[in-house]
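Chains as they are written, first to last, in our numbering: chain P, 246 to 512; chain R, 9 to 613; chain U, 490 to 915. Beta carbons: idealized from backbone N, C-alpha and C, even for Gly. Here's the structure we're looking at; comments come further down.
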Amino acid sequence: MEIDIGKTIRISDFVCATDGRALVVDTTLPGSLGATSGLEHVAEALRQITDIADGVIVNPGQAEHHADLLGGRRRASPLVRVDWSNAQRGPDFCLPASQFKHLFISDAEDVLALGASAAVASLFLGFDDDAEAKNIEALSHLARECYRLGLPLVIDVRPVGYKVGPGNFAESIKLGVSFMQELGADVLIIPECDLATCATIGGWIAVPVLLRLAEIPDAGRAEEFLKTGLRGFVLGEDIFARQGYTGRLAELADHLHGRSGDDALAG
Amino acid sequence: MSMQNRGFSNRILTVDLSTGACHSEELDEKVARLYLGGKGLGSYLLFTRMAPKVDPLGPDNLLIFATGPLTGTIAPTSSRLCVMAKSPKTGTYMDSYCGGFFGQTLKYAGYDAVVIKGAAKEPQVLVIDDDKVQLADARDLCGKNTAETATALQQRYGQDVQTAVIGPAGERMATLSGIFCGLRTAGRAGTGAVMGAKKLKGIALRGTGMVQVANRTEYEEAVWIAHRMLRMSSQVKRMVDFGTANIVLLVNAAGALPTRNFQLGHFDQAEALAGEVWRKHYWKKDIACEGCPIACSKIAYSPKFDTVIDGPDYETIFALGSNCGVADHEAIIYANYLCDMYGIDTITVGNIVGFVMELYERGMIGKDQLDGIEATWGNGDALVQLTDKIGKGEGVGQLLEKGVREISKQFPGSEDFAMHVKGLEMPGYLPRAAKGIGLSYAISERGACHLRGTPLVEILGGADPLTPEGKAALFKSNQTDSAVVNCLILCYFVKFGITLKEVWQMVNPCTGLDYASPRELDHVGERIVNLARLYNLREGFTSKDDTLPKRCVAEPLPAGPAKGQVVELDRLRADYYKLMGWDENGVPKVETLRALGIADMLDLM
Amino acid sequence: MTRSPGKAARLNRLFNPKDGRAVCVAADHGWMSDVTPNVMELRRILELVVRGGADGILISFGTAVRHGHLLRGKDSPAMLIRADWMNMPRLGASNVSNVLPVVNFKKMATSRARDALLMGASAITIYYFIGYSDEFEALNIEQAADFAKECRKVGLPLIIEPMAVGGMVTGVNIAEILIASGRIAAEIGADALKIPYTGDVKTFKELVDKAGVPVLVLGGAKSDVPRDALELVDEALRAGAAGTVFGRNVTKAKDPQKMVADICALVHGGKTIAEILGERRAVGQRLKPVPAQCVGCLLCEVACVRAHSPGYSQTRARLRIESPQLGDELRAFKPVVCTLCGQCVEACQPGALTIGPEARLVLNKSLCTQCGACVDACPFHLIFTEEGYPVLCDLCEGDPECVKWCKRGAIVLTEWKRRARYVHAE
C-alpha cells in the first residue's frame, strides 16, 4: 500500500514499526456521557496508561488540556477523535437518546495542530439510510484531508443501529471494514466478534485492524485473536472502572510486543 | 418503625356517616414508604378499601381527605389537601386538590387522612376539633351557598375553624360540583356530589397540634434552598405578578388557547384577557396559601356586579372566556362568582356553555330550548345567565348541569365536538396544538385533566408542541413527577422554581424514609399511576376509553400556528403503553407491577 | 494542564492569578432578552460594574464596539464576548414580558472567535443547551465544536455555558445532566464553564470535580432578596467553583457596584455573608408590621412556633396575621406583632416582666405570680399562658424567625424608641 511519509511516520507512533502491532486505549466516551467510572479525572487516568499503551484516543478538548501527558518516546501517542455521537446514550443514561445523532467536532488540520498522530472517526451502521450516506460522505472528505496532510485516519466501525441484530452483526462488520478500506482508512477498529469473523477480516484486509474489547484479555485470549491476523486491541473506557487495570494492561502490552515481563520491568 | 413525628401524624380517621361511628388507626410504615401521603395514600385506601363498581353516589363510595408528610410544615406550598373518591362524573378514580388552609389544619388536628364512608339520613356537619370528632345537624344549612355555609360554620364553631363545604349544587349531587375550602376548591370530577350524596354539608375543622419531622436541621436546610430557588425563578416571579393568567398570551401564541368550544387555538381578543389587563383593572390584592412564596391567588372586584372573587385563574379565563368567545371581564368575574357560590367547577361550566353556544350557532338548539337565552359566541350576558341556570339546576340548567357528554346525547351529531374524555370536560390547552397534552387528556385517570402529568412544558417552551416524537416519554416523566408532588402534598406550581430533586432533598429528612435518589422517589409516582390504572381497569374501563373527541383526532385545525394539525393519538397511545410496561390493551404487565412492588394488588382485581 | 500561550495569557487576565478565581458579570441580556431597565441603562451599569471590581464582563459584539473602551486599563474587567444568540427568553414561560412569543427553541452562532479576539476579548462564551431534543443538542454540540476549533487556532479561551433546558429535564436527571454536560463541554474544548448551580453543594462539587476545567456559577433570575444571590455564590465556592458569572442579580440590583463588590468580598476576600451584609443580632430594635406587603401566607406564624418548639404549628405563635373574613377579601391582611409597647411590663405588679438591656421582653419566673395582668394588658392580645406563665415574643434572642422567613418584608425590624422606665436596671 502506498502512503506518504507523513502517514508512515505518524502511524508508527502507535502501530509498532517492528511487529506491526498496536495497543490503544479509548477515553472518549465522556464526550457523550460525561465522566464515566474511572475517568473522572482525565490527567490521572492518562498518567496510568501513557507509559503502557501505544496510543490513546482522546477528544480534542482533552488533547489540548493534557498534551503534556501524551506523545513522545515510550508514551502513548494522542489519537484525536473528530466526531461525536449520542449512540451510547442508552436507558441508563440520564438523558436517553431517542434520535440517533452523529456529527463532526474537529477536522484533520485541527487535530494535527493538537499534536495528534491520527484522526479517529466512526462509521455507524444500521441506522437510517440518510445517516449512513452522510456518514460516508463526511468520512470521505476527512480521508482526503488526512491524505493531503499526511495524517493517518483511524476508523471505528460501529454496527450499532437498530437494523443490526445477532443475525447480521458479523456481516455488518465485514461490510464496514470493506467500505473503509476502500475509503482510504489507515487503521480500522472493529467491535468484539467471533474468531471466524476476525479470521476472515484478518486474512483479507490489508491495513491494520484492531479489535475493540471491553475487558483486558489475558495472554491466551489475546493470542487467539492475534492469530487471526488482527494487529492489536482497542480497550474501551470500561477498563478504567476495574481495579488494577494498569498491571493487566502492561501484561497485555508485553505479550503483544513479544516482551517478557522482565524486559518490561527493566525497560 | 412508627411514622409518628416523621412528617406524618400516624393516624387515619374513619367516619361512618350511616352509623355515626368513628375510629382511628395507625399508618403502616410499609404503606408510607410505598405510597407516601396525599394521592398515594388516598389511592391505596381507595383501591384496598372500596369494593369494585360501587355506585359513586351511594353509601359505599369512600370520600377521602388526605394530607402528606410535608403538609403543615415550613416547606413552600405545603398547605394542600387531597380529596379522593370514585367520581360520579366519570365513574373513574378521582383525586382533586385544593390549597388554602384546610389540609395543614387537618394535619395539625392529628390526621394523615380522613375516610368518610356510608351516608347520613339527614344533612350533617362533621366537626373535627383535634381528637374530638362529632356529627351535627345541618338541616338549617340546606340550600345555603358555599360562602354562607362556611360563614355559618365559623359562627357556630369559632372563627378559627377551617371549613370544607358544598353549595346547593353539591347537595343535589350535580356532578360538576366541588368541595370548597375557604377561597380554594377541590373542584373537578364531582367531589361535591359525593359529599352531597353522603348528606354531608360541611366539615368544620380545628387543629392545634404540631407536625414534627425526622431530622429538623437537614429538613430546614433543604426547605430554605427550596424557598430560595422559588424566589430566584423568573417564572415564579411572573406567577407572583400575574397569577396563572400570565400564560394567556403565550398559550395563544402557540395556537393552543381553546376558543369557541375548541374549534380554534387562538382568540382574537386574547390580549384583553392577559394577566396584565386583569392586574391593571380588576385585581386588587394577592393572597397566598400557607408558606407559599408564589401567591397566585388574585382577588378581583367587579364594579358592575359589586362582586369580589378569588380569581379568575387561567383555566377559568379560558373556560368562561375564550372558549365561549367572551372577553367581557366583568361577565367572567360574575360567572366565576356564581360558580363559587353554587359550588361548581368553572372549567366544566365553561365547556358546557361553549358547547351550548356551538349548538346554538349551528342551529341545533334554539332560544326556546334555552329559556330564552341567546347563546351567541362572545355573549357575556348569555354566559352569566347560563351559568346561573346551571348553578341552580333550574330550567335548561337541569339538562346542562349533567355535563357535555350527557347533553350531546340529546343532540345527535354533536358527539364529535362534545369536548370531554370519559365524561370530564377539557381543560385549557388545545390538544391539536400540543400533542403530548392531547395524549395526557386521553390517558388521565380521571378524564380530561391538565394536572395529572399533562406536559404543559410543550407550550411553556420545553419541546416542539407539534411533533408526537418523544411525547410519550415526556408525559410519563411529568406524570410520575406530579404524582409524587401530589403525595407530599406540594402545589403543582413549585415546579416553576424547584424540581423533584429539591423535593427529594426535603422528603428524606422529613420522613426518614431515605429514598436513595430522586429516581427512587419517582418510582413512588410510577407506582401510584399504575395503581390508579388498576383501579380504572377494575371499574371496567379499557383502552377504548383512552380516547379523545373526534374534533381532536379527525378535524384538522383550520387556522392559527397549529393549522392543519390533528392529534396522532394511536401512535402516541401505543408509545405510552409500551413505555409504561403495559400491554397493547393498556393493562399493566405483571412484571411491571412486580418491579414496582405492587403485584399483590392484582389479588384485589 | 497545558494551554497555548494565547489562551494562558488571556485566562490570566480573567482569573485572578493570585487565587485562580474570577467574578464576572453577564451584561448581554439586550442581545436576547426583553428590553428591561438593565438593558436600556447598560452604559451606566457597566461603569458601576467596572467600579465594583469585576474580573470580567460578558457583553455582546455590538456592546463591545460601543462600550468596550470602558474596559481600558490593567485592572479593568476582562472582556468576554457572547458569540451566539438564542430565543429562550421569548420561548414559552420564559417569556416573562410576553414580548413577541416564540414556540420553538432556536440558537445561532453569530460571531467568530477571530472577531472577538480583534475586539480585545479575553474569551468568548457560548451556550450548550441539553434536554430540549436530540436534534437541538446536536446543533449545540456542532456549534460549540466549531468555536472550539477556531479558539484553538487563534489562542482565545472558550467558555461554554451548559444549560439543562427542556421537557426531558426533570428533578430525576437534572443534576446528572448538568454534571455530564459540564464534562462533555470540556471534552469538546471548553477552557472554562459557566453553568447553573445544581441546587446543592454535593452535586455541584461532583460537577466541578468531573469537569476538569474551572467552573463559574451563573446566577439566573434576580431575587428580590440580595442575600439569596450571595448564598448561592457561597455554596458554589464551597463546592469548588472558581467564581461567578452573575447577570441579572447584579445588573438589576439596586446598587450594581455594591453587589459586585459584595460578591468579590466573598470570592476573593474570604469574607462571610454575615460580615458582608453586616448581619448581627438585633439590639435595641423591635418588630414592625408592614401590612401592604402581607399576602397572608402565615409562614411567620409557623416560623414563630418552630423557633420555640420541636415542630410546626400555627397554634401558640407569638404573633398573628389577621386575615379578612370570607366575602371581605378586599380588606388587607394585618400582621399583629409585639412592638415592645411596654404595656405588659407596666401592668406587671411584681416586676417579673421587664424589657432587658437588649430591648427584649424578659420574664423572671421566680417573681411571676401568674396573675395574668400582662395577658389582659397586651393591646394586641398576643400574650397567652402555658402552665400559668405568660408566653411572650422574645425576638428569638435577637434573630427573629418571622423576619427571617418573611422575605416579602411584611414584618421587619425597626429601631425601638427606648423608654427608660421599661429598661431593666443592670
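Local conformation of residue 207/R per DSSP, three classes: Along the second sequence, one-based indexing puts residue 207/R at 199. DSSP places residue 207/R in coil when its eight states are reduced to three.
Listed by chain order, chain U residues near residue 300/R by CB distance under 7 Å: Here residue 300/R refers to the residue found at position 292 when the second sequence is read from its first residue. Correct list: 786.
Skipping 5 residues on each side, what residues in its chain have a beta carbon closer than 7 Å to that of residue 575/R? Taking the first residue of the second sequence as 1, we reach residue 575/R at position 567. Contacts found: 439, 440, 443, 446, 556, 560, 561.
Buried or exposed: which applies to residue 282/R, given that a residue is buried once 16 or more other Cβ atoms fall within 10 Å of its Cβ? For this step, residue 282/R is matched to residue 274 along the second sequence. The residue in question, residue 282/R, is buried, as its Cβ has 16 or more Cβ neighbours within 10 Å.
If residue 201/R sits next to residue 67/R, beta carbons under 8 Å apart, how far is it from one beta carbon to the other, in whole angstroms? Counting from one through the second sequence, the residue named residue 201/R turns up at place 193. Counting from one through the second sequence, the residue named residue 67/R turns up at place 59. The C-beta distance from residue 201/R to residue 67/R rounds to 14 Å, too long to fall under 8 Å, and the pair is not in contact.
In chain order, which continuous runs of the beta strand (DSSP E) of length 3 or greater are located wholly inside the region 695-779 of chain U? Every beta strand (DSSP E) stretch that sits fully inside the region 695-779 of chain U and reaches 3 residues is listed by chain position as 704-707, 732-735, 774-778.
Hey, residue 423/P and residue 369/P: beta-carbon distance below 8 Å or not? One-based indexing of the first sequence puts residue 423/P at position 178. One-based indexing of the first sequence puts residue 369/P at position 124. Contact flag unset, no.
Pull up the distance between the alpha-carbon of residue 914/U and that of residue 840/U, whole angstroms please. If you number the third sequence from 1, residue 914/U lands on position 425. If you number the third sequence from 1, residue 840/U lands on position 351. Low local confidence applies: a pLDDT of 43 at residue 914/U is under 50, so the model's placement there is unreliable, with the coordinate-based value given in what follows. If you take the alpha carbons of residue 914/U and residue 840/U, they lie about 12 Å apart.
Under 8 Å Cβ to Cβ from residue 145/R, same chain only, skipping five residues before and after it: list those, please. Here residue 145/R refers to the residue found at position 137 of the second sequence. Taken in chain order, the residues that qualify are 130, 131, 132, 133.
Give the DSSP-derived three-state secondary structure of residue 525/U in the structure shown. In the third sequence, counting from the first residue as 1, residue 525/U sits at position 36. Coil at residue 525/U, not helix or strand.
Kindly indicate which three-state DSSP category residue 309/R falls into: helix, strand or coil? Reading the second sequence from its first residue, position 301 is the one you call residue 309/R. In this structure, residue 309/R counts as strand in the three-state DSSP scheme.
When we look at the beta-carbon of residue 250/P and count the other beta-carbons within 10 Å, is it buried (16 or more) or exposed? Along the first sequence, read from residue 1 onward, the residue named residue 250/P stands at position 5. Looking at its Cβ environment, which holds fewer than 16 other Cβ atoms inside 10 Å, residue 250/P is exposed.
Inspect the beta-carbon positions of residue 433/R and residue 450/R and report whether they are closer than 8 Å. For the purposes of this step, residue 433/R is taken as the residue at position 425 of the second sequence. For the purposes of this step, residue 450/R is taken as the residue at position 442 of the second sequence. Between residue 433/R and residue 450/R, the C-beta gap is not smaller than 8 Å, which leaves the two residues out of contact.
How big is the Cα-Cα spacing for residue 622/U and residue 506/R? Residue 622/U sits at position 133 when you count from the first residue of the third sequence. Residue 506/R sits at position 498 when you count from the first residue of the second sequence. Roughly 21 Å between the two C-alpha positions.
When you measure from the CB of residue 673/U to every non-hydrogen atom of the ligand SAM, does any distance come out below 7 Å? The ligand SAM is not part of the structure shown, which contains no ligands of any sort.
Chain R residues whose Cβ lies nearer than 8 Å to that of residue 896/U: Along the third sequence, read from residue 1 onward, the residue named residue 896/U stands at position 407. Listed along the chain, the chain R residues whose CB falls inside 8 Å of the CB of residue 896/U are 235, 239, 301.
With DSSP collapsed to three states, give me the class of residue 476/P. As a position in the first sequence, residue 476/P is number 231, starting the count at 1. Residue 476/P falls in the coil class under three-state DSSP.
With 8 Å as the threshold, decide whether the Cβ of residue 190/R is near any Cβ in chain U. Here residue 190/R refers to the residue found at position 182 when the second sequence is read from its first residue. Closer than 8 Å: yes.
If you scan the region 420-459 of chain P from start to end, which runs of the beta strand (DSSP E) of 3 or more residues do you find wholly inside it? Correct list: 432-435, 454-458.
From the DSSP output, in three-state form, read off residue 119/R for me. As a first step, residue 119/R is located in the second sequence; it is residue number 111 there, counting from the start. Residue 119/R: coil per DSSP, three-state reduction.
Under 8 Å between beta-carbons, which chain U residues line up against residue 379/P? List them in chain order, please. Taking the first residue of the first sequence as position 1, residue 379/P is located at position 134. Near residue 379/P there are no residues of chain U at all, since even the closest Cβ is about 12 Å away, more than 8 Å.
Under the three-state DSSP convention, the category residue 250/R falls into: Position 242 of the second sequence holds residue 250/R. In the three-state scheme derived from DSSP, where H, G and I count as helix and E and B as strand, residue 250/R is classed as helix.
Own chain partners of residue 92/R with C-beta closer than 6 Å, once the 5 adjacent residues on each side are dropped: Reading the second sequence from its first residue, position 84 is the one you call residue 92/R. Taken in chain order, the residues that qualify are 50, 54, 72, 103.
Which of the three DSSP states, helix, strand or coil, is assigned to residue 109/R? Indexing the second sequence from 1 puts residue 109/R at position 101. In this structure, residue 109/R counts as coil in the three-state DSSP scheme.
Are the CB atoms of residue 326/R and residue 2/R within a distance shorter than 8 Å? Since the first residue of chain R shown is 9 and the last is 613, residue 2/R is not available in this structure.
Across which residues does DSSP place residue 505/U in a beta bridge pair? Sequence index remark: in the third sequence, residue 505/U carries index 16 (1-based). Answer is 510/U, bridged to residue 505/U.
How many Å lie between residue 549/R and residue 452/R at the Cα? As a working mapping, residue 549/R is identified with position 541 in the second sequence. As a working mapping, residue 452/R is identified with position 444 in the second sequence. Rounded to the nearest angstrom, the two C-alpha atoms are 12 Å apart.
Quick one: which residues of the region 105-121 of chain R get their C-beta closer than 7 Å to a C-beta of chain U? List them in chain order. When CB distances to chain U are screened at a threshold of 7 Å, the residues of the region 105-121 of chain R falling below it are 116, in chain order.
So, under 8 Å CB-CB, residue 481/R and residue 343/P are touching, yes? Tell me the CB distance rounded to an integer number of Å. Here residue 481/R corresponds to residue number 473 of the second sequence, with the count starting at 1. Here residue 343/P corresponds to residue number 98 of the first sequence, with the count starting at 1. Distance from residue 481/R to residue 343/P at the Cβ level is roughly 7 Å; contact confirmed, criterion being Cβ atoms closer than 8 Å.
Compute the Euclidean distance between the alpha carbons of residue 522/R and residue 494/R, then round it to the nearest angstrom. For this step, residue 522/R is matched to residue 514 along the second sequence. For this step, residue 494/R is matched to residue 486 along the second sequence. Cα-Cα distance, rounded: 19 Å.
Say whether chain U places a C-beta atom closer than 8 Å to the C-beta of residue 136/R. Within the second sequence, the letter at position 128 stands for residue 136/R. So no, residue 136/R is outside the interface.
Which residues in chain P have a C-beta closer than 8 Å to the C-beta of residue 684/U? List them in chain order. As a working mapping, residue 684/U is identified with position 195 in the third sequence. Listed along chain P is no residue with a C-beta nearer than 8 Å to that of residue 684/U; the closest approach is about 12 Å.
What are the residues that DSSP puts in a beta bridge with residue 556/U? On the third sequence, position 67 is the one that residue 556/U refers to. DSSP lists no partner for residue 556/U.
Less than 8 Å between the CB atoms is what I'm expecting for residue 637/U and residue 647/U, so what's the real figure, rounded? Locating residue 637/U in the third sequence gives position 148, where the first residue counts as 1. Locating residue 647/U in the third sequence gives position 158, where the first residue counts as 1. With a Cβ gap of about 6 Å, residue 637/U and residue 647/U count as contacting.
In chain order, what residues of the same chain lie with their CB nearer than 6 Å to the CB of residue 520/R, ignoring the 5 residues before and after it? Looking up residue 520/R in the second sequence gives position 512. Closer than 6 Å at Cβ, skipping near neighbours: 14, 222.
Separation of residue 631/U from residue 400/P, as counted between CA atoms: Looking up residue 400/P in the first sequence gives position 155. Looking up residue 631/U in the third sequence gives position 142. In this structure, the CA atom of residue 400/P is about 20 Å from the CA atom of residue 631/U.
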